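Scroll down for the structure; my scribbles are underneath it.
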Amino acid sequence: MPESIIVYDWRGNVRDLDYLRGRYGNFQILEAAAGSGPVYRIRRLREKAENDFDPAVLASRRYTLEGQAWEAQRLNVPALAQIHSAASTMRAGAVTMAAAALVVRVADEHGAAINGQRVAFYWPDAPVDPYAGPAGGLLPGMVPGRCVWGVTERGDVGFGMGRDSYFWPGQGQIGPHAVWVYGDDTRSDVILGLGMVALTDHAHFDVEYERVEGGDVPPEEEGDLPEYFDENGAEMAGALVREHYGIQDVHRPAELPRFGLVELMARSGDSKALAVFVDDEDGAPLPGVTIALGPRDRAGNVQRGVTDEDGAVTFDIGDETYRYNVPSEQGHWCVAVEGPASDVYNSAGWVWTGRKSPGRWFDLVFRRKVNEDVPEPPGPEPPIPPVDPELPDEARGVVNAVIEAIDTAVTRLEAEIDNLEVMRNTLAALL
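According to my numbering, the sequence shown is numbered sequentially starting from 85.
Quick look at the structure:
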């Protein structure tokens with residue numbers, strides 16, 4: 085599951101979980117319980133901070149005059165019980181350090197906001213709620229049945245964090261909070277270790293969930309997937325591909341030989357040109373191959389091009405008909421080798437990234453695949469040689485005696501047959 089979580093730092097750059105753990109401690113993630121029906125998966129973690137703080141440096145200041153002054157100021161921030169009490173009122177500007185909000189977002193598989201969804205917000209002595217859930221329970225050390233909950237509006241719900249929410253990751257601490265999608269029969273990932281880093285201006289990270297209908301889809305077998313690479317040539321994880329390029333769909337015919345889609349290479353720019361490369365089974369460029377680019381779910385004409393001596397052909401996709409949005413859509417065009425059996429890429433087009441931003445798309449690499457694993461047809465089976473068993477002497481004597489007895493019986497039977505034949509002939513003469 086961690087591979088499917090996308091991390092954004094406070095500048096909006098894509099990072100990984102190690103980056104967040106280096107700044108916010110070793111927070112823990114519990115996968116949703118196994119079962120059928122909808123499941124809520126953590127898909128994104130978004131950092132909310134104002135600078136590149138160093139947790140170790142902050143921890144070294146804890147007992148200095150600066151740290152003591154901060155601690156005195158922290159005590160003026162409302163406690164969690166006050167923030168989440170129905171009777172509490174907070175006066176804007178009453179304290180220098182106001183409480184911050186941890187935002188949780190819930191969306192469907194297409195990125196559409198889910199409204200009216202209850203989300204649980206946990207700390208160890210939160211109010212008792214026997215229906216908090218989730219199905220399958222919580223992480224070891226957590227107190228079950230403790231939370232407050234909020235309801236999403238336009239997909240988001242915010243939870244106030246107070247003076248009890250600060251922690252020192254530079255001293256090995258993690259935040260006191262956890263979140264999950266509320267309900268004792270709800271299958272939801274749980275993340276524990278949320279809160280605000282001490283001596284910062286509410287530095288924390290928000291959480292985004294995705295509802296997967298019908299449970300998780302089993303991953304495709306390794307080796308059956310094309311490889312995706314970013315513009316620097318680094319391999320891209322599937323979750324990141326979907327985040328930035330939408331739904332990816334490749335149709336693979338069963339027969340061999342065929343042309344298989346093996347690589348997709350990220351490109352961006354104002355001048356949008358889709359390059360398609362074709363290799364033979366050894367990876368050498370294959371000229372003279374016809375490539376077709378046609379509409380999948382919208383009106384348009386089929387473009388065709390023939391690969392040059394470098395095995396490449398380029399299509400102009402700058403027209404608005406090739407544009408699509410993520411993550412709710414996929415590209416509206418198909419690309420395949422025309423003629424022989426070929427994989428079909430059903431997500432071609434360019435992603436709109438803003439009025440003043442360049443679009444992004446994937447160039448494609450097809451490779452001819454031949455059936456090298458078919459065994460030679462079997463020849464005729466060799467004849468089975470006769471068995472000549474070796475018998476011990478005693479056994480040979482017994483066998484010989486039996487053979488002699490059989491021969492004697494046969495001789496007697498032949499004599500009886502002769503006598504019967506004479507008797508028959510005599511009787512026949514009397515007629």
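The beta carbon of each residue, even a glycine, is placed where N, CA and C say it ideally should be. Please read all numbers here as calculations on a predicted model, not as lab measurements.
Terminal residues of the alpha helix (DSSP H) in which residue 105 lies: 101 to 108
In or out: residue 501 buried (at least 16 other Cβ within 10 Å) or exposed? exposed
Beta strand (DSSP E) containing residue 278: first to last residue? Judged by DSSP secondary structure, residue 278 falls within the beta strand (DSSP E) whose first and last residues are 274 to 278.
Stretch-stretch touch, CB-based, cutoff 8 Å, three pairs: the stretch 359 to 366 with the stretch 438 to 452: yes
Reduced DSSP category for residue 386 - H, G, I as helix; E, B as strand; rest coil: coil
Per DSSP, cross-strand counterpart(s) of residue 264: 204
Is DSSP giving residue 223 helix, strand or coil here? coil
Report yes or no: do the stretch 154 to 162 and the stretch 326 to 335 share at least 3 C-beta pairs separated by less than 8 Å? no
Buried or exposed, going by whether 16 or more other CB atoms sit within 10 Å of the CB of residue 292? buried
Buried versus exposed call for residue 525 [16 or more other C-beta atoms within 10 Å across all chains shown]: The requested residue 525 does not occur in the structure, where the chain is confined to residues 85 to 515.
Considering only DSSP beta bridges, list what residue 450 is partnered with. 345 and 362
Compute the Euclidean distance between the alpha carbons of residue 505 and residue 512, then round it to the nearest angstrom. A direct Cα-Cα distance of roughly 11 Å separates residue 505 from residue 512.
Report yes if the C-beta distance between residue 139 and residue 241 is below 8 Å; otherwise report no. No, these two residues do not count as a Cβ contact at 8 Å.
Identify which residue in 318, 434 and 346 has its Cα closest to the Cα of residue 364. 346
Distance, residue 352 Cα to residue 368 Cα: 26 Å
Compute the distance between the beta-carbons of residue 103 and residue 273, then report whether it is under 8 Å. no
Is it right to say residue 507 is buried, meaning 16 or more other beta carbons lie within 10 angstroms of its own, or is it exposed? exposed
Residues that DSSP places opposite residue 369 in a beta bridge: 363
Does the beta-carbon of residue 356 have 16 or more other beta-carbons within 10 angstroms, so that it is buried, or is it exposed? Taking all protein chains shown into account, residue 356 has 16 or more neighbouring C-beta atoms within 10 Å of its C-beta and is therefore buried.
Near residue 177, which residues of its chain fall below 6 Å by C-beta distance, leaving aside the five closest residues on each side in sequence? Annotation note: pLDDT 33 at residue 177 (below 50); position unreliable, coordinate value reported separately. Nothing listed; no residue qualifies.
List the DSSP bridge partners of residue 376. 388 and 420
Out of 333, 441 and 91, point me to the one whose CA is closest to residue 348's CA. 333
Identify which residue in 208, 252 and 237 has its Cα closest to the Cα of residue 147. It is 252 whose Cα lies nearest to the Cα of residue 147.
Around the Cβ of residue 261, are there at least 16 other Cβ atoms within 10 angstroms (buried) or fewer (exposed)? buried
Which two residues bound the contiguous alpha helix (DSSP H) that contains residue 233? Not the alpha helix (DSSP H): residue 233 falls in the beta strand (DSSP E), residues 232 to 235.
Do the stretch 218 to 236 and the stretch 193 to 200 make contact, defined as three or more Cβ pairs closer than 8 Å? yes
Nearest CA to the CA of residue 120: which residue from 440, 227, 269 and 114? 269
With residue 288 as the anchor, note down where its beta strand (DSSP E) starts and where it stops. 288 to 296
When burial is assigned at 16 or more other CB atoms within 10 Å of the CB, is residue 415 buried or exposed? Result: buried.
Contact set for residue 527: own chain, Cβ-Cβ below 6 Å, skip 5 residues either direction: Summary: the structure shown does not reach residue 527, with the chain confined to residues 85 through 515, and so no result is reported for it.
Contact check, residue 111 vs residue 278, beta carbons under 8 Å: yes
Check whether residue 296 and residue 193 have beta carbons under 8 Å apart: yes
Whose C-alpha, out of 94, 114 and 249, is nearest the C-alpha of residue 161? 249
Since residue 186 and residue 226 are thought to touch, with beta carbons under 8 Å apart, how far apart are those beta carbons, to the nearest angstrom? 17 Å between Cβ atoms; not a contact.
Please state whether DSSP places residue 192 in a helix, a strand or coil. Residue state, collapsed to three classes: strand.
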